[in-house]
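K.L.:
Sequence positions in the sequence shown follow the numbering used here and run 305 to 646. Where a beta carbon is used, it is the ideal one built from N, C-alpha and C, also for glycine.
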Amino acid sequence: MKATFLTKAYEFKELEIDEPKISKPDDVIIDVKYVGICGTDMVSYQGKHELLTFPRVLGHEFSGIVTVIGEGVKNVKPGDYVTVEPLVTCGICKPCKIGDYNVCEDMKVLGVHVDGACQEKVLINADRVFKLPPGTSLKEGAMIEPLCVSLEISRRGQLSIEDTLVIFGAGVIGLCVLKVAKCIRARRIISIDISDDKLKIAKNLGADYVINPIRDNVEQAVAEITNGKGASLVIEASGAEEAIKTCWTVTAYRGRVVIIGFYKSPLVQIPPIHIVKKELDIYGSRLYRNRFPLAIDLLARKEVTLIDLISHEFMFDQIDLAMKTALNPAEKTLKVVIKKDK
Numbered sequence: 305m306k307a308t309f310l311t312k313a314y315e316f317k318e319l320e321i322d323e324p325k326i327s328k329p330d331d332v333i334i335d336v337k338y339v340g341i342c343g344t345d346m347v348s349y350q351g352k353h354e355l356l357t358f359p360r361v362l363g364h365e366f367s368g369i370v371t372v373i374g375e376g377v378k379n380v381k382p383g384d385y386v387t388v389e390p391l392v393t394c395g396i397c398k399p400c401k402i403g404d405y406n407v408c409e410d411m412k413v414l415g416v417h418v419d420g421a422c423q424e425k426v427l428i429n430a431d432r433v434f435k436l437p438p439g440t441s442l443k444e445g446a447m448i449e450p451l452c453v454s455l456e457i458s459r460r461g462q463l464s465i466e467d468t469l470v471i472f473g474a475g476v477i478g479l480c481v482l483k484v485a486k487c488i489r490a491r492r493i494i495s496i497d498i499s500d501d502k503l504k505i506a507k508n509l510g511a512d513y514v515i516n517p518i519r520d521n522v523e524q525a526v527a528e529i530t531n532g533k534g535a536s537l538v539i540e541a542s543g544a545e546e547a548i549k550t551c552w553t554v555t556a557y558r559g560r561v562v563i564i565g566f567y568k569s570p571l572v573q574i575p576p577i578h579i580v581k582k583e584l585d586i587y588g589s590r591l592y593r594n595r596f597p598l599a600i601d602l603l604a605r606k607e608v609t610l611i612d613l614i615s616h617e618f619m620f621d622q623i624d625l626a627m628k629t630a631l632n633p634a635e636k637t638l639k640v641v642i643k644k645d646k
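#1: Identify whether Ala604 lies in helix, strand or coil by the three-state DSSP scheme.
#2: From Met411, His364, Pro329, Thr371, pick the residue whose C-alpha is nearest to that of Glu323; which is it?
#3: Helix, strand or coil, according to DSSP, for Lys306 in the structure here?
#4: Answer with buried or exposed for Ser367, where buried requires no fewer than 16 other C-beta atoms within 10 angstroms of its C-beta.
#5: Do you know offhand how far Pro437's Cα is from Ile642's?
#6: Mind checking whether Leu482 and Ala511 have CB atoms under 8 angstroms apart?
#7: Could you pull out every residue in the same chain whose Cβ sits closer than 7 angstroms to the Cβ of Asp467, ignoring the five residues on either side in sequence?
#8: If you draw a straight line from the C-alpha of Glu315 to the C-alpha of Lys582, how long is it?
#9: Threshold first: 4 residues or longer. Then list the alpha helix (DSSP H) segments lying entirely within the stretch 482-562, N to C.
#10: Whose CA, out of Leu584, Gly559, Thr553, Arg590, lies closest to the CA of Gly565?
#11: Looking at C-alpha atoms only, which residue of Lys502, Val418, Ile496, Val426 is the closest neighbour of Ser357?
#12: May I ask you to report which of helix, strand or coil DSSP gives Met627?
#13: So, do the stretch 317-333 and the stretch 419-431 have three or more beta carbon pairs nearer to each other than 8 angstroms?
#14: From the DSSP output, in three-state form, read off Leu451 for me.
#15: Within its chain, find whatever has a CB closer than 6 angstroms to the CB of Lys502; leave out the 5 residues flanking it on each side and keep chain order.
#16: Measure from the alpha carbon of Arg432 to the alpha carbon of each residue in Arg593, Glu540, Arg360, then state which is nearest.
#17: Are the C-beta atoms of Ser454 and some chain C residue less than 8 angstroms apart?
#18: Measuring straight from C-alpha to C-alpha, what distance separates Leu319 and Met305?
#19: Please state the DSSP three-state secondary structure of Glu365.
#20: Taking the beta carbon of Arg558 as the centre, do at least 16 other beta carbons fall within 10 Å, making it buried, or is it exposed?
#21: Note down the Cα distance separating Ser464 from Tyr349, rounded to an integer number of angstroms.
#22: Alpha carbons only, please: which of Asp331, Ser542, Gly363, Cys342 is nearest the one belonging to Leu310?
#23: Assign Met346 to one of three DSSP states: helix, strand, or coil.
#24: Please classify Pro390: is it buried, with 16 or more other beta-carbons within 10 angstroms of its beta-carbon, or exposed?
#25: What alpha helix (DSSP H) runs, 4 residues minimum, are completely inside the stretch 348-418?
#26: Assign Val572 to one of three DSSP states: helix, strand, or coil.
See the structure below:
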């Protein structure tokens, strides 16, 4: 079968490899249909991912059709449309033993530490495979993983109906957080981004207010919206250093801040004076744990849609063009996906 390897920065090679075979009772083989390109893939493509070694098959956001299952598999059957939680965890470290497998001490993520979904078929443990709800397409199914990231962020930040929420970043993760906040009926949602195009999307998806830091004074704008109180919950999903410097100033006293962005500088300045004076609670959010069932339930009940976040679509053999498009600001991409079949 064919697999597309990133052999070095900016270079893909399509190679013939052996097809996966069932070797354990809980093995599942999936015919990959759609793969989403995310920020992690783009960093890897540029050769800047510290944990990735070449050659590597990228792709951790994906959907497909089950073709073969091991004799012990009960949750899916051949022909099922599925998505995958792309984590390989040790199961024996302290976090894993208490159920916090998203902070496993020996975490491996498909497409980063081990080969991912940019190949014709993948072999996955059944407990990481989730059947798509009726009516959810394979294309939309490839978007469930970023929704799970956003659900974990919301859990970490204890997002509630009473919150005034500020979201730094109106990319896919920020917009998925916005969708979750709308489900919860958060009191007030403020989206912040330097792209007016993305802010327009945020507004269309239900943001009550949008702020562009290039044009607006963020601290002043949030103060005006909140009558000087600030936001009870701030989520930093942009990865921009200016955002991490600003988020403390717009958070209310005894507010919460969730940080998920990765920053170019390893030493981003966080002013402790704001944290201490305001008694802020600061949370990191990594990946997800047990969020796929909830995400699938939200899709099944039509409380969330994800198809509207896909802006560009390419064939598998156009992966290099897809990656270049995703990296080009002039293309105004949101989520770029690649697909196997025409």
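P.N.:
Short version:
#1: Reading the sequence shown from its first residue, position 300 is the one you call residue 604. In the three-state reduction of the DSSP assignment, Ala604 falls in the helix class.
#2: Stepping through the sequence shown from its first residue, residue 323 is reached at position 19. Of Met411, His364, Pro329, Thr371, the residue nearest in Cα terms is Thr371.
#3: On the sequence shown, residue 306 is found 2 positions in, with the first residue counted as 1. Lys306 falls in the strand class under three-state DSSP.
#4: Numbered from 1 along the sequence shown, position 63 holds the residue referred to as residue 367. It is buried - the Cβ of Ser367 has at least 16 other Cβ atoms within 10 Å.
#5: As a first step, residue 437 must be located in the sequence shown, where it is residue number 133. As a first step, residue 642 must be located in the sequence shown, where it is residue number 338. Roughly 21 angstroms separates the two Cα atoms.
#6: The residue labelled residue 482 in the question sits at position 178 within the sequence shown. The residue labelled residue 511 in the question sits at position 207 within the sequence shown. At a Cβ-Cβ threshold of 8 angstroms, Leu482 and Ala511 count as neighbours.
#7: Stepping through the sequence shown from its first residue, residue 467 is reached at position 163. Result list for Asp467: Ala490, Arg491, Ser536, Leu537, in chain order.
#8: On the sequence shown, residue 315 is found 11 positions in, with the first residue counted as 1. On the sequence shown, residue 582 is found 278 positions in, with the first residue counted as 1. Near 48 angstroms, if we compare the C-alpha coordinates of Lys582 and Glu315.
#9: Restricted to the stretch 482-562, the alpha helix (DSSP H) segments that are unbroken, complete and at least 4 residues in length are 500-508, 522-529, 545-550, listed in chain order.
#10: Taking the sequence shown and counting its residues from 1, one reaches residue 565 at position 261. Distance check between Gly565 and each of Leu584, Gly559, Thr553, Arg590 places Arg590 closest, using alpha-carbon atoms only.
#11: Taking the sequence shown and counting its residues from 1, the one referred to as residue 357 is at position 53. The displayed chain sequence assigns Thr, not Ser, to residue 357. Minimum Cα distance to Thr357 is reached at Val418.
#12: On the sequence shown, residue 627 is found 323 positions in, with the first residue counted as 1. Residue state, collapsed to three classes: helix.
#13: Judged by Cβ distances under 8 angstroms, the stretch 317-333 makes contact with the stretch 419-431, as three or more pairs qualify.
#14: As a working note, residue 451 is residue 147 in the sequence shown. The answer is helix: DSSP assigns Leu451 an H, G or I state.
#15: In the sequence shown, the residue the question calls residue 502 occupies position 198. Answer for Lys502: Ala474, listed in chain order.
#16: Locating residue 432 in the sequence shown gives position 128, where the first residue counts as 1. Nearest option by C-alpha distance: Arg593.
#17: In the displayed structure, chain C is absent; only one protein chain is listed.
#18: Sequence index remark: in the sequence shown, residue 319 carries index 15 (1-based). Sequence index remark: in the sequence shown, residue 305 carries index 1 (1-based). Approximately 8 angstroms between the Cα atoms of the pair.
#19: Stepping through the sequence shown from its first residue, residue 365 is reached at position 61. Under the three-state reduction of DSSP, Glu365 is assigned to strand.
#20: As a position in the sequence shown, residue 558 is number 254, starting the count at 1. Exposed, since its Cβ has fewer than 16 Cβ neighbours within 10 Å.
#21: In the sequence shown, the residue the question calls residue 464 occupies position 160. In the sequence shown, the residue the question calls residue 349 occupies position 45. Distance between the alpha carbons of Ser464 and Tyr349 is about 37 angstroms.
#22: Against the sequence shown, residue 310 aligns to sequence position 6. Sorting Asp331, Ser542, Gly363, Cys342 by C-alpha distance to the C-alpha of Leu310 places Gly363 at the top.
#23: Numbered from 1 along the sequence shown, position 42 holds the residue referred to as residue 346. The answer is helix: DSSP assigns Met346 an H, G or I state.
#24: Locating residue 390 in the sequence shown gives position 86, where the first residue counts as 1. Around the C-beta of Pro390, 16 or more other C-beta atoms lie within 10 Å, and the residue is accordingly described as buried.
#25: Those alpha helix (DSSP H) runs which fall completely within the stretch 348-418 and span 4+ residues are 398-401.
#26: As a first step, residue 572 is located in the sequence shown; it is residue number 268 there, counting from the start. If DSSP states are grouped into helix, strand and coil, Val572 belongs with coil.
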